[in-house]
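With mature numbering (1 follows the signal peptide of the UniProt record, and there is no 0) applied, the sequence shown covers -19 to -1, 1 to 126.
Every residue gets a Cβ at the ideal spot worked out from N, C-alpha and C, and that includes glycine.
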Amino acid sequence: MNNVSLITSFSLLFSGIIAGDKISPVRDEVSKREGESVTLKCEYETTYSSLALYWYRHHSDLQAPQFILWKGARGASSDEYIPDKQRYESITTVSSTELTIKTLTLADTGLYYCRREVVFKPQLPIRWILIIPVLSESLWLQLLM
């Protein structure tokens, strides 16, 4: 089996900062073997009460980051969109988000980003989402041969 290594890196992919708001990975490096599961975690600080927390993977500079999932937190905790529930799951708390990749493969190699968005829910049945980019750090998942 091959080793999979996770490394933290600074990124301006989702640049900009709101005073008092931040999101960043918890660990700099995690090592796992192909076929095992891995959990990536980011902690965030914000004054907003309803959030959507997103995960992306970036394979290379030749393509855009790939959306993995989003999950609500705080006042939006019942909301989520996880297209591939067989491979991914997510847990959110009032201060963190986790992405679990259930079975690592070579295709999971890449740079991982966690991001948060503020969600405003008016009393009407319309859902408004205000996107506020924040300074983001990223996670590098690399398959070692």
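Rounded C-alpha distance that separates residue i from residue j
i: G91; j: P64; result: 19 Å
i: Y25; j: Q47; result: 21 Å
i: E15; j: Y69; result: 15 Å
i: residue 133; j: Y29; result: This structure cannot settle anything about residue 133, because the visible part of the chain is limited to -19 through 126.
i: I49; j: R38; result: 7 Å
i: L80; j: D2; result: 20 Å
i: T78; j: S59; result: 14 Å
i: V7; j: L85; result: 20 Å
i: V11; j: V99; result: 29 Å
i: L34; j: K83; result: 19 Å
i: I72; j: E61; result: 10 Å
i: K52; j: L87; result: 25 Å
i: I4; j: T20; result: 17 Å
i: G56; j: W36; result: 19 Å
i: T27; j: C95; result: 14 Å
i: V75; j: Y93; result: 21 Å
Exposure of residue i, with buried meaning 16 or more beta-carbon neighbours within 10 Å
i: K66; result: exposed
i: R97; result: buried
i: Q44; result: exposed
i: L32; result: buried
i: D42; result: exposed
i: A54; result: buried
Closer than 9 Å to chain B by CB, residue i
i: E15; result: Included in the structure is just one protein chain, with no chain B present.
Residue interval of the beta strand (DSSP E) (run including residue i)
i: T73; result: Y69 to T73
i: V19; result: V19 to E26
i: H40; result: Unbroken run through H40: none, as it is neither H nor E.
i: T81; result: S77 to I82
i: P64; result: No beta strand (DSSP E) holds P64; DSSP gives it neither H nor E.
i: L50; result: Q47 to R55
i: S5; result: K3 to P6
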